[in-house]
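A short worksheet on the structure shown next.
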Amino acid sequence: MVCFVTMGHLCVPNVGELRQHILTKAHKSRYSIYPGATKMYRDLQEVFWWNGIKRDIAEFVAKCSNCQQVKVEQQKPGVMTQDINIPTWKREVINMDFIAGLPRTRRQHDSIWVKLDKVTKSAHFLAIKTTDSVED
(Lines of atoms letter the chains of each structure in order from A and count residues from 1; the text may use other names and numbers.)
(Lines give C-alpha, C1' and ligand atoms only; values in the text may rest on other atoms or scores of the structure.)
Protein backbone atom coordinates (compact mmCIF):
# COMPACT_ATOMS: atom_id res chain seq x y z
CA MET A 1 0.00 0.00 0.00
CA VAL A 2 1.42 3.36 -1.01
CA CYS A 3 0.16 6.66 0.37
CA PHE A 4 1.74 9.88 -0.71
CA VAL A 5 1.31 13.57 0.00
CA THR A 6 0.27 15.99 -2.68
CA MET A 7 -0.51 19.67 -2.08
CA GLY A 8 -0.63 19.03 1.67
CA HIS A 9 -3.16 16.20 1.43
CA LEU A 10 -2.56 12.55 2.14
CA CYS A 11 -3.64 10.65 -0.99
CA VAL A 12 -5.44 7.45 -0.03
CA PRO A 13 -5.34 4.58 -2.54
CA ASN A 14 -8.37 2.39 -3.17
CA VAL A 15 -6.92 -0.60 -1.36
CA GLY A 16 -9.01 -2.94 0.77
CA GLU A 17 -11.11 -1.22 3.41
CA LEU A 18 -8.73 1.71 4.02
CA ARG A 19 -11.09 4.44 2.76
CA GLN A 20 -14.04 2.84 4.55
CA HIS A 21 -12.00 2.74 7.77
CA ILE A 22 -11.14 6.45 7.45
CA LEU A 23 -14.81 7.32 6.84
CA THR A 24 -15.94 5.23 9.82
CA LYS A 25 -13.38 6.79 12.17
CA ALA A 26 -14.22 10.32 11.01
CA HIS A 27 -17.97 9.76 11.28
CA LYS A 28 -18.17 7.90 14.58
CA SER A 29 -15.37 9.67 16.45
CA ARG A 30 -16.21 10.87 19.93
CA TYR A 31 -15.05 14.33 18.83
CA SER A 32 -17.27 14.67 15.76
CA ILE A 33 -20.41 12.76 16.84
CA TYR A 34 -21.99 11.83 13.49
CA PRO A 35 -21.41 14.92 11.32
CA GLY A 36 -23.43 15.37 8.17
CA ALA A 37 -21.91 14.92 4.73
CA THR A 38 -20.95 18.58 4.29
CA LYS A 39 -19.13 18.92 7.62
CA MET A 40 -17.48 15.55 7.24
CA TYR A 41 -16.22 16.51 3.76
CA ARG A 42 -14.84 19.83 5.01
CA ASP A 43 -13.03 18.09 7.86
CA LEU A 44 -11.60 15.21 5.81
CA GLN A 45 -10.57 17.20 2.74
CA GLU A 46 -8.14 19.20 4.89
CA VAL A 47 -6.10 16.03 5.47
CA PHE A 48 -7.09 13.36 2.93
CA TRP A 49 -7.76 13.18 -0.78
CA TRP A 50 -8.89 10.47 -3.17
CA ASN A 51 -10.80 10.44 -6.41
CA GLY A 52 -14.52 10.63 -5.55
CA ILE A 53 -14.07 11.50 -1.85
CA LYS A 54 -17.13 13.76 -1.80
CA ARG A 55 -19.37 11.09 -3.36
CA ASP A 56 -18.03 8.41 -0.99
CA ILE A 57 -18.74 10.60 2.04
CA ALA A 58 -22.29 11.39 0.86
CA GLU A 59 -23.01 7.68 0.30
CA PHE A 60 -21.50 6.74 3.67
CA VAL A 61 -23.61 9.28 5.59
CA ALA A 62 -26.75 8.29 3.62
CA LYS A 63 -26.28 4.66 4.72
CA CYS A 64 -25.68 5.51 8.40
CA SER A 65 -28.70 4.20 10.33
CA ASN A 66 -28.16 6.55 13.30
CA CYS A 67 -28.12 9.60 11.02
CA GLN A 68 -31.28 8.48 9.24
CA GLN A 69 -33.17 8.03 12.53
CA VAL A 70 -32.44 11.53 13.82
CA LYS A 71 -32.71 13.29 10.47
CA VAL A 72 -35.34 16.06 10.60
CA GLU A 73 -37.29 14.71 7.62
CA GLN A 74 -37.72 11.35 9.37
CA GLN A 75 -39.30 12.78 12.51
CA LYS A 76 -43.04 13.21 12.87
CA PRO A 77 -44.13 16.84 12.63
CA GLY A 78 -45.30 18.40 15.87
CA VAL A 79 -49.02 18.87 16.23
CA MET A 80 -50.31 22.01 17.86
CA THR A 81 -53.00 21.37 20.41
CA GLN A 82 -54.79 24.61 19.65
CA ASP A 83 -54.71 27.45 17.17
CA ILE A 84 -52.78 30.55 18.11
CA ASN A 85 -54.82 33.71 17.60
CA ILE A 86 -52.56 36.69 17.10
CA PRO A 87 -54.22 39.97 18.08
CA THR A 88 -54.00 42.88 15.64
CA TRP A 89 -55.07 45.84 17.80
CA LYS A 90 -53.59 47.04 21.04
CA ARG A 91 -55.70 46.36 24.12
CA GLU A 92 -57.63 43.72 22.11
CA VAL A 93 -56.14 40.95 24.26
CA ILE A 94 -54.70 41.58 27.70
CA ASN A 95 -53.39 39.28 30.40
CA MET A 96 -54.02 40.06 34.04
CA ASP A 97 -52.55 38.77 37.25
CA PHE A 98 -52.45 39.71 40.91
CA ILE A 99 -49.47 39.86 43.22
CA ALA A 100 -50.84 39.54 46.73
CA GLY A 101 -49.52 39.21 50.26
CA LEU A 102 -47.21 42.22 50.09
CA PRO A 103 -46.51 44.52 53.06
CA ARG A 104 -49.09 47.30 53.43
CA THR A 105 -48.26 50.80 52.19
CA ARG A 106 -49.30 54.01 53.94
CA ARG A 107 -52.51 53.94 51.91
CA GLN A 108 -53.14 50.32 52.99
CA HIS A 109 -52.41 48.82 49.56
CA ASP A 110 -51.11 45.26 49.93
CA SER A 111 -51.44 43.87 46.38
CA ILE A 112 -50.58 44.75 42.80
CA TRP A 113 -52.86 44.28 39.81
CA VAL A 114 -50.73 43.56 36.72
CA LYS A 115 -52.14 44.14 33.22
CA LEU A 116 -50.13 43.16 30.13
CA ASP A 117 -51.08 44.10 26.57
CA LYS A 118 -50.31 41.18 24.19
CA VAL A 119 -49.61 43.42 21.17
CA THR A 120 -47.54 46.24 22.66
CA LYS A 121 -46.09 44.16 25.52
CA SER A 122 -46.70 47.14 27.76
CA ALA A 123 -47.39 46.41 31.41
CA HIS A 124 -49.46 48.45 33.85
CA PHE A 125 -49.18 48.00 37.59
CA LEU A 126 -51.91 49.25 39.93
CA ALA A 127 -51.57 49.22 43.70
CA ILE A 128 -54.75 47.78 45.23
CA LYS A 129 -56.10 46.47 48.52
CA THR A 130 -57.10 42.83 48.82
CA THR A 131 -60.37 44.11 50.26
CA ASP A 132 -61.15 46.21 47.16
CA SER A 133 -64.38 45.32 45.41
CA VAL A 134 -65.82 46.21 42.02
CA GLU A 135 -67.61 49.19 43.57
CA ASP A 136 -64.37 50.67 45.00
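Residue numbers (full-length UniProt numbering): 1 to 136.
In this text, a Cβ means the ideal position worked out from N, Cα and C, and glycines have one as well.
- Within the same chain, and ignoring the five residues on either side of ASP117 in sequence, the residues whose Cβ sits closer than 7 Å to its Cβ are LYS90, ARG91, ILE94.
- Per DSSP, the continuous beta strand (DSSP E) segment holding LEU126 begins and ends at 123-128.
- In this chain, HIS9 is not harboured by any alpha helix (DSSP H); it is covered by the beta strand (DSSP E) spanning 9-11.
- Residues ALA127, ILE128, LYS129 of the same chain have their beta carbon placed closer than 7 Å to that of HIS109, with the five preceding and five following residues left out of the count.
- Using a C-beta cut-off of 8 Å, the segment 52-72 makes contact with the segment 20-40, since at least three inter-stretch Cβ pairs fall below that distance.
- When the Cα atoms are used, PHE125 and ASN85 turn out to be separated by approximately 25 Å.
- Under the DSSP assignment, ASP56 falls in the alpha helix (DSSP H) whose first and last residues are 53-63.
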